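Going left to right, the sequence shown walks through residues 253 to 509 as the working numbering numbers them.
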Amino acid sequence: MKTVRSISEARRHLQAFRRGGTGLVPTMGALHAGHRALIDAARAECDTVVVSIFVNPAQFDEAADLAAYPRDEERDAAFAADAGVDVLFAPEPDEIYPAGFQTWVDVEELSRGLEGAYRPGHFRGVATVCLKLFNIVQPQFAYFGQKDAQQVAVVRRLVRDLNLDLTVRSVSTVRDPDGLAVSSRNVLLSEAERAAALALPRALSTRDPAAARAALDGLDVDYVEVADFDPPVLAAAVRVGSTRLIDNVILNEEEER
Ligand code: AMP
């Protein structure tokens, strides 16, 4: 596995691979079993698998959240190499956003509800960095987790609206045995908070907004809503201590797990 940090080096290095089919897995690092599922899906259909690790400042609306985000590049590099990743693209923020940067992509309507309502500017940051990563890596396939269902919808719309020549794949949510969706943020939970957080998958498994809301009683709930994505999901966001967790289940589907 080769780690590259500059855009020019990434372009130069990936040129040689492009013909065989390149799959991109965009991440913010702190790699876990959810990321591994995306990498495995890419590995299964692409000759070259690129993982990007970039804690994108533009998609954080709270400075404290950005500062607390877990980072461990050495561990991530070992994790990615073990998963059979060919190229790790790990740029610094000013490589992606050099001085004077001022061009943004806004997927207007899809970015408004749910996460967008609670995290102003979040999807503008996501859409912009994804477009940049797609331009840099030029993958045929890009892999995203169903756990972030609105993100998948936003990225699919971006690809369609701007005629990008790539296919977006969404990969089923990976859960710990207790049902909690695996997330980089889970390491921030104390034991008691983790126990409280289990209400989230339990609530969503009712697949009913009213029942889910009742099951989340006592937690700090941002939203529990049916979202008309393709496929439709029941999505929720809760705050447990200072950690914000999101999750969703696909509706009209028996058991996702
Ligand atoms: P992140 O590093 O949190 O930005 O996530 C990078 C990618 O991994 C996104 O497409 C996420 O949706 C996906 N992902 C995160 N957690 C999971 C999970 N538990 N199952 C499947 N995909 C996930």
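Cβ atoms here follow ideal geometry from the backbone N, Cα and C, with glycine treated the same way. Keep in mind the model is a prediction, meaning the values are calculated, not measured.
Residues bridged to residue i [DSSP beta-bridge criterion]
i, result
"Cys396", "It is Phe, not Cys, that sits at residue 396 in the sequence shown. Its beta-bridge partners are Ser422."
"Ala449", "Per DSSP, none; premise fails for Ala449."
"Arg496", "Arg491"
"Ala433", "Arg427"
"Leu276", "Val302, Ala394"
"Glu477", "Ala487"
"Ile502", "Val485"
"Asp472", "Arg491"
Distance cut-off 8 Å: residue i Cβ against heavy atoms of the ligand AMP
i, result
"Lys384", "no"
"Pro309", "no"
"Arg496", "no"
"Lys254", "no"
"Arg427", "yes"
"Gln398", "yes"
"Leu370", "Note that residue 370 corresponds to Tyr in the displayed sequence, not to Leu. Answer for Tyr370: no, Cβ out of range of the ligand AMP."
"His287", "yes"
"Pro453", "no"
"Pro343", "no"
"Gly281", "yes"
"His284", "yes"
"Ser363", "no"
"Tyr349", "no"
"Leu290", "yes"
"Val423", "yes"
"Val302", "no"
"Ser457", "no"
"Val411", "no"
Candidates the options, of which the one nearest residue i by Cα
i, options, result
"Leu521", "Val389, Gln402, Cys382", "Summary: the structure shown does not reach residue 521, with the chain confined to residues 253 through 509, and so no result is reported for it."
"Val473", "Ala449, Val485, Asp460, Pro483", "Ala449"
"Ile502", "Thr380, Thr279, Val478", "Val478"
"Glu344", "Ala310, Val357, Glu367", "Ala310"
"Pro372", "Tyr475, Leu283, Asp313, Gly272", "Asp313"
"Phe375", "Gln390, Asp358, Pro391, Val389", "Asp358"
"Ala335", "Ala319, Arg323, Arg288", "Arg288"
"Val420", "Glu297, Asn504, Pro484", "Glu297"
"Ser260", "Tyr321, Val411, Val389", "Val389"
Exposure label - residue i; buried when at least 16 CB within 10 Å
i, result
"Val339", "buried"
"Val439", "exposed"
"Phe353", "exposed"
"Glu367", "buried"
"Pro278", "buried"
"Gly272", "exposed"
"Asn500", "buried"
"Ala405", "buried"
*Count the C-beta pairs between the region 398-405 and the region 255-268 that are closer than 8 Å, then say yes if the count reaches three, no if not.*
no
*Indicate whether the contact test is met: 3 or more Cβ pairs, each with one atom in the region 375-393 and one in the region 298-310, closer than 8 Å.*
yes
*Would you check if there are 3 or more beta carbon pairs closer than 8 Å linking the region 313-332 to the region 451-469?*
no
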